[in-house]
């Protein structure tokens, strides 16, 4: 058991539904497996499940717990700051692929 630290600039959604709710309603949450530490109070770039930059979000809360099935999970609550424009999407997606999502040496 231990905490995994997330990158300060990355908030990657695994669920299209969770991402849709954030973009549609301006607030949302996502569930992540394992204990993770998200930068509460900071603004980060949100990414789609296929690693495409989509928006700037502010992390409101990060709650790590063991659920009723005995699994370690982290719930992250956030609010939408703004969607990215086309140029920002292109640049942030390219940088994130090189820094976070690309091949590891």
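Numbering (our numbering), first residue to last: 9 to 113.
Quick reminder that beta carbons are idealized off the backbone N, C-alpha and C, glycines included.
Quick caveat, the model's predicted, so the values are computed rather than measured.
{"Query": "Using DSSP with H/G/I as helix, E/B as strand and the rest coil, what is residue 76?", "Result": "coil"}
{"Query": "In whole angstroms, give me the CA-to-CA distance for residue 31 and residue 97.", "Result": "15 Å"}
{"Query": "Taking Cβ to Cβ, would you say residue 103 is nearer than 8 Å to residue 63?", "Result": "no"}
{"Query": "Ordered along the chain, which non-local residues of its own chain (more than five positions away) have a Cβ less than 6 Å from that of residue 72?", "Result": "43 and 82"}
{"Query": "Can you tell me whether DSSP reads residue 48 as helix, strand or coil?", "Result": "coil"}
{"Query": "Starting from the Cα of residue 19, find the closest Cα among 55, 28 and 41 and give me that residue.", "Result": "55"}
{"Query": "My output table needs one value for residue 68: the three-state DSSP class, helix, strand or coil.", "Result": "strand"}
{"Query": "Please tell me whether residue 61 and residue 25 are closer than 8 Å, where the distance is taken between their beta carbons.", "Result": "no"}
{"Query": "Taking Cβ positions only, does residue 20 come closer than 8 Å to chain D?", "Result": "The structure shown contains no chain D; it is built from a single protein chain."}
{"Query": "Could you give the DSSP three-state label for residue 15: helix, strand or coil?", "Result": "Note that residue 15 scores 49 on pLDDT, short of 50, meaning its location in the model is unreliable; the coordinates nonetheless yield the value given after this. Note: residue 15 maps to coil in three-state DSSP."}
{"Query": "Taking just the CA atoms, how far does residue 68 sit from residue 91?", "Result": "17 Å"}
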